[in-house]
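Report on the following structure.
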Amino acid sequence: PVSLELGGKSPIIVFDDVEIDKAVEWTMFGCFWTNGQICSATSRLLVHEKIADEFLDKLVKWTKNIKISDPFEEGCRLGPVVSKGQYERVVKFVSNARKEGATVLCGGARPGHLKKGYFVEPAIISNVTTSMEIWRDEVFGPVLCVKTFSTEDEAIQLANDSQYGLAGAVLSNDLERCDRVSKAFEAGIVWVNCS
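Under the numbering used here, the first residue of the sequence shown carries the number 2, and numbering increases by one thereafter.
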């Protein structure tokens, strides 16, 4: 038997024929579940340019409303990252993305109401180029980078633009398209209409 740890900078492709609310939910779940501290986190969002504004508006609004607190507190949806070192790493990734010219739409810092612990607000970063650190390197934290696309071929090319190959997701109401895209992914796991 062979076991491989492939690491993750997994893509999630969202086409323009989706039910936007559901796609936003799956995008948030795929990246922010377990604070992004899972190798298969879908931390690179590729969203069709026709729906990008509406999708990102909703995604940012919903992300800002995630309850960040002590995990034992009622209603907690996001706790701390695993260590001080990881907290510092996540915050540095967000800071570096900003320095490289990306736009931080939300998050990436300590929540104002939490003075202790390694809590970090989930971050959504747009205006990302494929040469940026935030696009290329695994953060292992609640950080989602975003690019738009116009064609299926472009989405596949962007999705496969990674040294990692653990997972990928495709969201579309066109199941034939989902089949084509999932077969084109260079990834070990592919989710269709979920993440």
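Glycine included, every Cβ here is placed at the ideal spot set by N, Cα and C.
Quick check for students: name the residue ranges of the beta strand (DSSP E) that lie wholly in the stretch 129 to 165, counting only runs of 3 or more. 144 to 150
Would you grab the beta carbon distance between Pro112 and Ala124 for me? Rounded to a whole angstrom, and I think it's under 8 Å. If you number the sequence shown from 1, residue 112 lands on position 111. If you number the sequence shown from 1, residue 124 lands on position 123. The pair is not a contact, with the Cβ atoms about 12 Å apart (cut-off 8 Å).
Are there three or more Cβ pairs, one per stretch, closer than 8 Å when the stretch 18 to 31 is compared with the stretch 172 to 190? yes
Identity of the residues DSSP links to Arg45 by a beta bridge: As a working mapping, residue 45 is identified with position 44 in the sequence shown. Paired residues: Pro12 and Cys146.
In terms of DSSP beta bridges, what is Thr104 paired with? Here residue 104 is taken as the residue at index 103 of the sequence shown, counted from 1. Ser127, per the DSSP bridge assignment.
3 or more residues per run - each beta strand (DSSP E) lying fully within the stretch 39 to 97: 45 to 49
With distances taken between CB atoms, is the gap from Ser44 to Leu106 smaller than 8 Å? The sequence position of residue 44 within the sequence shown is 43, counting from 1. The sequence position of residue 106 within the sequence shown is 105, counting from 1. No, these two residues do not count as a Cβ contact at 8 Å.
For Val147, which residues from the same chain have a beta carbon less than 6 Å from its beta carbon, with the 5 sequence-adjacent residues on both sides left out? Numbered from its first residue, the sequence shown carries residue 147 at position 146. So the qualifying residues of the chain are Leu46 and Ser127.
State yes or no: is the C-beta of Val182 within less than 8 Å of the C-beta of Ile14? Residue numbering aside, residue 182 sits at position 181 when the sequence shown is read from its first letter. Residue numbering aside, residue 14 sits at position 13 when the sequence shown is read from its first letter. Cβ atoms of Val182 and Ile14: closer than 8 Å.
Continuous beta strand (DSSP E) stretch holding Gly169: start and end: As a first step, residue 169 must be located in the sequence shown, where it is residue number 168. Looking at the DSSP string, the run of the beta strand (DSSP E) that includes Gly169 is Ala168 to Leu172.
Count the CB pairs spanning the stretch 93 to 103 and the stretch 45 to 63 that are closer than 8 Å, and state whether there are at least three. Flag = no, the stretch 93 to 103 and the stretch 45 to 63 do not touch.
Expected contact under 8 Å - CB spacing of Val121 and Ala110 to nearest Å: As a working note, residue 121 is residue 120 in the sequence shown. As a working note, residue 110 is residue 109 in the sequence shown. At roughly 7 Å, the Cβ-Cβ gap stays under 8 Å, so Val121 and Ala110 are in contact.
Can you look up Val193 in the DSSP assignment and give me helix, strand or coil? Within the sequence shown, numbered from 1, the residue matching residue 193 stands at position 192. Three-state result, Val193: strand.
Kindly list the residues whose CB is nearer than 7 Å to the CB of Tyr88, restricted to its own chain and excluding five residues on each side of it in sequence; keep chain order. Residue 88 sits at position 87 when you count from the first residue of the sequence shown. Here the set comprises Val82, Tyr119 and Val121.
My assumption, with CB atoms under 8 Å, is that Gly9 sits in contact with Cys40. Please give the rounded CB distance. On the sequence shown, position 8 is the one that residue 9 refers to. On the sequence shown, position 39 is the one that residue 40 refers to. Contact holds; Cβ gap of about 4 Å.
Own chain, CB closer than 8 Å to Asp138, minus 5 neighbours either side, in chain order: Here residue 138 refers to the residue found at position 137 when the sequence shown is read from its first residue. Lys10 and Phe94, listed in sequence order.
Length of the line joining the Cα atoms of Arg99 and Thr130: Looking up residue 99 in the sequence shown gives position 98. Looking up residue 130 in the sequence shown gives position 129. Cα to Cα, Arg99 sits roughly 12 Å from Thr130.
In the DSSP assignment, find the unbroken alpha helix (DSSP H) run with Gly31 in it and report its ends. Residue mapping note: residue 31 aligns to position 30 of the sequence shown, counting from 1. Here the alpha helix (DSSP H) through Gly31 covers Ile21 to Phe33.
Report the residue from Phe186, Phe16, Gly37 and Ile69 whose alpha carbon sits nearest the alpha carbon of His114. Stepping through the sequence shown from its first residue, residue 114 is reached at position 113. The shortest C-alpha separation from His114 is found at Ile69.
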